[in-house]
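Student: Structure incoming, see below.
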Amino acid sequence: MTFEGNNGDISIPPRRPMPHYHGDEVRALFVISALIIIFAKSTGVELPFSTLGAVASAAALVVAAGITNPKQGWIHWVNAFFSVVGTLLFGTTAVEHYSVGISAFEPSFIYVEALALLSLISLFFTTRTIRGFLLRPDHSNT
Numbered sequence: 506m507t508f509e510g511n512n513g514d515i516s517i518p519p520r521r522p523m524p525h526y527h528g529d530e531v532r533a534l535f536v537i538s539a540l541i542i543i544f545a546k547s548t549g550v551e552l553p554f555s556t557l558g559a560v561a562s563a564a565a566l567v568v569a570a571g572i573t574n575p576k577q578g579w580i581h582w583v584n585a586f587f588s589v590v591g592t593l594l595f596g597t598t599a600v601e602h603y604s605v606g607i608s609a610f611e612p613s614f615i616y617v618e619a620l621a622l623l624s625l626i627s628l629f630f631t632t633r634t635i636r637g638f639l640l641r642p643d644h645s646n647t
């Protein structure tokens, strides 16, 4: 959306920051995670789900990223669910890989560990966003 300024030029109004909103960060982390899942699965990396599960989870992450916005609170609960599931799934898989002696430089370990860390970071940002929504005086409208 553009607006015409005082001297006739077209400008974009500055964004008004929303306290504790981190949906933009979560959106980026979800898209990066989806790309890593597809790339890792297509190169033969052992992930904790089937090929169909990998593609479906990548698609779900991208859809959630696309829907994420500062006006609707419900999507942040969905993002929190995806983040918790990703943290548990990839975190336990990474620990199990390392426990059985897989090298820290093995591609399977690197991709799963990266996905676990991305999920954990997205969980942090999503939790802060939910907290911000709950602290708003008008949170009943979300």
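Residue 506 is where the sequence shown starts when you use the numbering used here, and the numbers rise one by one after that. Backbone N, C-alpha and C define an ideal beta-carbon position, used for all residues, glycine too.
Quick check: the Cα distance between Ile634 and Val600, rounded to an integer number of angstroms?
Tutor: Taking the sequence shown and counting its residues from 1, the one referred to as residue 634 is at position 129. Taking the sequence shown and counting its residues from 1, the one referred to as residue 600 is at position 95. Contrary to the premise, residue 634 reads as Thr rather than Ile in this sequence. Computed Cα separation, rounded: 28 Å.
Student: If you follow the alpha helix (DSSP H) that Gly549 is part of, which residue opens it and which one closes it?
Tutor: Against the sequence shown, residue 549 aligns to sequence position 44. Careful: Gly549 lies outside any alpha helix (DSSP H) and carries neither H nor E.
Student: Mapping DSSP to helix, strand and coil, what is Ile543?
Tutor: What you label residue 543 is simply residue 38 of the sequence shown in a count that begins at 1. Reduced to three states, the DSSP call for Ile543 is helix.
Student: Whose C-beta lies closer than 7 Å to the C-beta of Ala570 among residues of the same chain, with five residues either side of it excluded?
Tutor: Here the question's residue 570 lines up with position 65 in the sequence shown. If we look at Ala570 and ignore the five residues flanking it on each side, its Cβ neighbours are Arg532, Phe535, Val536.
Student: Among the candidates Val589, Val605, Lys546, whose CA atom is the shortest distance from the CA of Ala559?
Tutor: Numbered from 1 along the sequence shown, position 54 holds the residue referred to as residue 559. Minimum Cα distance to Ala559 is reached at Lys546.
Student: Under the three-state reduction of DSSP, which class applies to Ile515: helix, strand or coil?
Tutor: Start at 1 with the first residue of the sequence shown, and residue 515 comes out as number 10. The answer is strand: DSSP assigns Ile515 an E or B state.
Student: Closest by CA to Leu593, which one among Phe544, Ala564, Ile626?
Tutor: Locating residue 593 in the sequence shown gives position 88, counting from the first residue. When each option's Cα is compared against that of Leu593, the closest is Ile626.
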